[in-house]
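Following the working numbering, the numbering of the sequence shown begins with 288 at its first residue and continues without gaps.
Idealized CB from N, CA, C, for every residue including glycine.
No experiment lies behind these values; they were computed from the predicted model shown.
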Amino acid sequence: MNGVHRLALVCLLVGGVLLAGPAFGFATVSSERGVTAMVAGDQQNAYLGIEDNTATENQIRPNSQVEVLRLHDNGVGIDSTADIEAEIVEFAGEQDDGFDVSVEEENGKYPIVVECAGSDGGTGTMVFDLEATGTATVDTTWKTENEVDVNCGGNGGGGPGGSPGLSVTSVAPPNGGVVTFELENTGTDFRLRSVAVDHAKSTAIDGEMTITTAGETRTISDNPEWRTDGSRVDIGGKFEILSGDTATVEIDRFDADMNAESFTVTFVDDRGSSETTETVTVDVPCNAETNDCSGTDADAVVSDSGYASDDVSSGGSVSAGDGSYIDGNVDAGDDVTAGNESTIEGDVSAGGDIAAGDDSYVNGDLDAGDDVTTGDGNTIAGNVNADGETALGNESYVDGDIDAGDDVTTGDESTIAGDVTTDGDAVFGTDGYVDGNVNGDDIVIGEDTTIAGNIDGTGSVTTVAGSYIDGDVTATETVTIAAGAEVHGDIQTDGDVIIGENAYVDGNIDAGGEITINDGAQVMGDVTTSQTLVLDGEPYIGGDRSYESCDGCT
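Printed below as a string of structure tokens:
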């Protein structure tokens, strides 16, 4: 019997007629009269008929929806899909909650549709917990009549009985109908026997497909029957993509321009008793060197050393390779990436991250919906605005302000020709220069770095030896002026103040906490604290002293 049942068999006598037991198993039915009836999965005679489709619908892959069961209402009185609850409680003999199960309605029948949601995959039967409620309630458990092959990882599955594996790692900008992409097999060995391409806007592949791994190259020659409607083409003998392998696939060529197009490729492994398929989706980028990518959601690409003569805009991401040149603005709905020694002669706007490589140049502002990251030696001839973090490499130059929603970090020998404002922390490397004010939470000024403005921290402020501040320092927590550092302004904080040896403060100090001034330090103004003043050695104080107590005063 196919059902797994919770209660003993009982019979319901309705109007003097005994309802016969179902053919495939038993369940419980509760009617409005409070009685219980014996019901099975017979799709014609049971209160809740269960049609098992696993004889044909027995492969579940990413992005696929498989009708494993279909329910027939033969007396429950179901009004809508909301009256049915279905879930998978067991797969291949173990609990597995890595599936999405939905109920649909089709001509009075109710398909139970299963799709991937994180399952580890495998092959085995599925056990469903089903409950339907109408004028009666049926609660039953159903075990599929056939095993189901599940591969839910990546963009496809593995070889027969194996783990998920094939996925697309990169796609090159197209050249008309020529498309090249990279595959990676992170699953078990895959022995390719046939391949199918499905693309709605083309009709055929006019040339050939070449697949290259580290060990072999296979060319599938021109085939007049090779349609791009999902029809399979035999590759002519076995070809293995081993576990851990990468493969380059070139299709030369589609009979349509593939710029910003998307298509699927199904790879078929038929070694075992039943075939295994791997279907991957290939999202072809927009070649921004030769096409206007605005109005598309495809990723726009300028290749290494490539040249785009105008603005580059896309609803997806924009990527400019090493040595590339864009003679205009860049606007992306997602991320923007510019390679090493790349040039953008305008503003850059991104809905996501902006990342620029070493020695890159942007002749305008950066505006990111998330983080901004640059490599060493880059130049930004404008402002930097980021809703997330901003991280600049060594020897970076920003000819404007930085405004960030999260932390700001600058590398060594970097220059900011304006203010730095952040809702997070600000950390400046060594030998840097900021020609403006700094506002943030915790603020750290690196060794021999100059801040030519005021510092306002909602947390602590820390300077490292040799740093120079040409302005006031305001904080709510501890202010530490390291040995040999200079502050040409006042220091005010709700917390403690620590002045290191031989440090110099050309202003007043006002602290809510303890003030410590170390040997050789000079404070040219007044020192005021409501707590203890600690003098270590022989520091110099040029103004008045106000404190509750003093340790070291003479």
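Nearest by alpha-carbon distance to residue i: which of the options is it?
i	options	result
Glu272	Ile804, Thr506, Ile365, Asn438	Coverage of the chain is limited to positions 288 through 841, which leaves residue 272 absent and any answer about it impossible.
Asp591	Val695, Gly656, Tyr612	Tyr612
Asn616	Ile631, Val623, Tyr684	Ile631
Asp663	Gly698, Ser518, Thr841, Trp513	Gly698
Phe554	Ile528, Ile768, Asp339, Asp735	Ile528
Glu801	Asp813, Val810, Val821, Gly794	Val821
Leu479	Ser530, Arg514, Met811	Ser530
Thr763	Ala769, Gly464, Arg519, Thr780	Thr780
Gly464	Pro572, Glu700, Gln382	Pro572
Gly610	Ser601, Ala625, Val355	Ala625
Thr819	Ser406, Ser836, Arg832	Ser836
Glu628	Ala607, Glu338, Ser636, Ala637	Ala607
Ala501	Asn472, Ile641, Asp579	Asn472
Glu825	Val414, Arg832, Thr816, Gly839	Gly839
Gly716	Asp706, Thr737, Asp597, Thr709	Thr737
Asn670	Thr815, Val792, Val649	Val649
Ala808	Thr422, Asp823, Asp383	Asp823
Asn681	Ala668, Asp718, Glu495, Ser518	Asp718
Val748	Val766, Gly733, Glu734	Val766
Measuring only between beta-carbons, confirm whether residue i sits less than 7 angstroms from chain D.
i	result
Gly723	Reference to chain D is not applicable here, since this structure consists of a single protein chain.
If you drop the 5 nearest sequence neighbours on each side, which residues of the same chain put their C-beta closer than 8 angstroms to that of residue i?
i	result
Glu469	Val455, Thr456, Ser457, Val458, Thr533, Ala534, Thr535, Val536
Ala739	Tyr720, Val721, Asp722, Gly723, Asp757, Gly758
Ile711	Per the sequence presented here, residue 711 reads as Gly, with Ile not at that position. Once the five neighbours on either side are set aside, the close Cβ partners of Gly711 are Glu676, Ala691, Gly692, Asp693, Asp694, Val695, Gly727, Asp728.
Ala295	Note that Ala295 scores a pLDDT of 27, beneath 50, so its modelled location is shaky; the value from the coordinates is reported in the next line. Same-chain partners within the cutoff: there are none.
Given 6 angstroms as the limit, tell me if residue i has its C-beta closer than that to any heavy atom belonging to the ligand SAH.
i	result
Asp570	Only the bare structure without any ligand can be found here, which leaves the ligand SAH out of the picture.
For residue i, does the three-state DSSP call read helix, strand or coil?
i	result
Gly839	coil
Ala691	strand
Asp783	coil
Thr368	helix
Leu417	strand
Tyr755	strand
Met545	coil
Gly336	strand
Glu393	strand
Arg348	coil
Trp513	coil
Cys233	A question about residue 233 goes unanswered here, because the residues of the chain that appear run from 288 up to 841.
Asn672	strand
Leu529	coil
Ile685	Correcting the residue type first, residue 685 is Val in the shown sequence and not Ile. Reduced to three states, the DSSP call for Val685 is strand.
Thr518	Reading off the sequence shown, one finds Ser at residue 518, where the question assumed Thr. Strand.
Thr504	strand
Val388	strand
Glu374	strand
Glu434	coil
Under 6 angstroms Cβ to Cβ from residue i, same chain only, skipping five residues before and after it: list those, please.
i	result
Leu389	The sequence shown places Ser at residue 389, not Leu. So the list reads Val400, once near-sequence residues are dropped.
Arg320	Reliability of the predicted coordinates at Arg320 is poor, the pLDDT of 35 falling under 50, and the value obtained from them is presented with this limitation in mind. Nothing meets the Cβ criterion.
Asp521	Ser481
Thr412	Lys430, Thr431, Glu434
Gly362	Tyr334
Val605	Ala587, Val599, Val617, Ala619, Val623
Glu392	Thr368
Lys488	Ala543
Pro398	Glu354, Arg357, Glu391
Val376	Val414, Asp416
Asp797	Gln779, Thr815
Asp621	Gly603, Ser604, Gly638, Gly639
Gln346	Asp436
Tyr791	Glu773, Gln809
Thr420	Asp370
Return the bridge partner residues of residue i from the DSSP annotation.
i	result
Asp622	Asp622 is not bridged to any residue.
Pro894	The structure shown does not extend to residue 894, since the chain spans only 288 to 841, so no value can be given for it.
Tyr834	Per DSSP, none; premise fails for Tyr834.
Gln809	Tyr791, Tyr827
Thr661	Ala643
Ser600	Asp618
Ala487	Its beta-bridge partners do not exist; DSSP assigns none.
Gln818	Bridge partners of Gln818: none, in fact.
Cys573	Ala587
Thr427	Leu417
Val721	Ile703, Ile738
Thr551	Asp485, Thr568
To the nearest whole angstrom, what separates the beta carbons of residue i and residue j, a pair I think is in contact under 8 angstroms?
i	j	result
Ala575	Asn433	Actually they are not in contact, since the Cβ atoms of Ala575 and Asn433 sit about 49 angstroms apart, beyond 8 angstroms.
Gly744	Thr761	7 angstroms
Ile742	Val725	5 angstroms
Ala678	Thr702	Their Cβ separation, rounded to whole angstroms, is 15 angstroms, which puts Ala678 and Thr702 out of contact at 8 angstroms.
Asn665	Asp646	6 angstroms
Got a sec? Which residues, its chain only, sit under 7 angstroms from residue i by beta carbon, not counting five neighbours each side?
i	result
Pro460	Pro572, Asn574, Val588, Ser590
Asp674	Ala655, Gly656, Asp657, Gly692
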